[in-house]
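So for the sequence shown, our numbering puts the first residue at 220; every next one is plus one.
Backbone N, C-alpha and C define an ideal beta-carbon position, used for all residues, glycine too.
Since the model is a prediction, treat every value here as computed from it, not as a measurement.
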Amino acid sequence: MGDHEELTLPDLRRILREAAGVNEGTDLDGEILDLDFEDLGYDSLALLETGARIEREYGVRLEDDAITSARTPRALLTVVNLTFTDIDAA
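Here's what the structure looks like:
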């Protein structure tokens, strides 16, 4: 894509499914914004793979520590969307 749009929750749900799958009993379509990624069944490796897919699809560069320190989907969306804002401001 690379046109510096916004990463939305539906986008993140799709990328999580593609990058790391979904654990049995996890409902990514529910209210997940403030649930811990560990509670959703995603470890740091799964988050790094998710971050790599976001980088490829959206043409952004994300720091590994920023990805793994995002504990919830809301935090990860904020990190990614702030990166878009920084790119657009440059």
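Kindly provide the ranges of any alpha helix (DSSP H) runs that are 4 or more residues long and lie completely inside the segment 237-303, ordered along the chain.
Listed in chain order, the complete alpha helix (DSSP H) runs (minimum 4 residues) inside the segment 237-303 are 263-277 and 283-288.
Rounded to whole angstroms, what is the Cα-Cα separation between SER288 and LEU296?
Taking the straight line from one Cα to the other gives about 12 Å.
So what does DSSP say about LEU226, is it helix, strand or coil?
Three-state DSSP puts LEU226 in coil, outside helix and strand.
Distance check for ARG236 and ALA294, CA to CA, integer angstroms please.
The straight-line gap from Cα to Cα measures roughly 18 Å.
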